[in-house]
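In what follows, a structure is listed as structure tokens, so that the remarks can point back to it.
Residue numbers (our numbering): 171 to 365.
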């Protein structure tokens, strides 16, 4: 495991590291914490514990994930279902919930499907929609650097080189890489297309 510090660490500073991905379903996180006799009071757990729509939203997302997996060979069916699921999930969030994990996840699934059927423009649309929902630290759990590399790749396919450059610069910043050689090593799928 490699951990990159986003700022200088002084002698005596505490380093915090999550034992469970924040993308893990809340009930699963809670169950794991209970096994350790630990009650998490992070903002994400607090919001999800008090969210009356959490279970409904979680079930909708889980069912869609299973549907998408079972219907990989029928992407258009998954897209139609995904569009209605997005609407359903969107309706379960209130303004107080800043961590729209299930909504982001469905956007990411749909983006991947659109990319696979060569609809790069729709893939970009869904990636950008997902990114717009990540205006907090949850973006690092979703691997925002990889998402922006994927966007760069989409823009490259469209020949939009200014956007490719912009996305690569963002991905570099999000990746915490020390230089461009390090970045190319971490993201070989775009490395050959970089200067």
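No residue lacks a Cβ here, since even glycine has one placed at the ideal position from N, Cα and C.
Just verifying my parser: in three-state terms, what is the DSSP assignment at residue i?
i           : result
residue 332 : helix
residue 228 : helix
residue 202 : helix
residue 144 : For the chain, the structure presents residues 171 to 365; residue 144 sits outside this window and is missing.
residue 213 : helix
residue 194 : coil
residue 284 : helix
residue 234 : helix
residue 148 : Since the first and last residues shown for the chain are 171 and 365, residue 148 lies out of range.
residue 218 : helix
residue 364 : coil
residue 257 : helix
residue 182 : coil
residue 264 : coil
residue 243 : coil
residue 207 : coil
Classify residue i: buried if its beta carbon has 16 or more other beta carbons within 10 angstroms, exposed otherwise.
i           : result
residue 324 : buried
residue 201 : exposed
residue 199 : buried
To the nearest angstrom, how far is it from the Cα of residue i to the Cα of residue j?
i           : j           : result
residue 254 : residue 278 : 15 angstroms
residue 229 : residue 197 : 11 angstroms
residue 283 : residue 182 : 47 angstroms
residue 312 : residue 264 : 21 angstroms
residue 251 : residue 244 : 11 angstroms
residue 341 : residue 360 : 11 angstroms
residue 332 : residue 339 : 11 angstroms
residue 355 : residue 345 : 11 angstroms
residue 330 : residue 322 : 9 angstroms
residue 280 : residue 287 : 11 angstroms
residue 204 : residue 210 : 9 angstroms
residue 193 : residue 364 : 31 angstroms
residue 220 : residue 266 : 11 angstroms
residue 225 : residue 350 : 43 angstroms
residue 347 : residue 358 : 13 angstroms
residue 223 : residue 248 : 24 angstroms
Taking Cβ positions only, does residue i come closer than 8 angstroms to chain C?
i           : result
residue 288 : No chain C is part of this structure, which consists of one protein chain only.
(request) Could I get the ranges of all uninterrupted alpha helix (DSSP H) runs contained in the segment 290-348, with 4 residues as the minimum, in chain order? (result) 290-302, 308-311, 314-328, 331-345
(request) Please determine if the segment 295-304 and the segment 318-332 are in contact, where contact requires at least 3 C-beta pairs separated by less than 8 angstroms. (result) yes
(message) Taking 8 angstroms as the cut-off, does the segment 285-293 touch the segment 233-240 (at least 3 CB pairs, one atom from each stretch)?
(response) no
(message) Three or more C-beta pairs under 8 angstroms: does that hold for the segment 300-313 against the segment 273-292?
(response) yes
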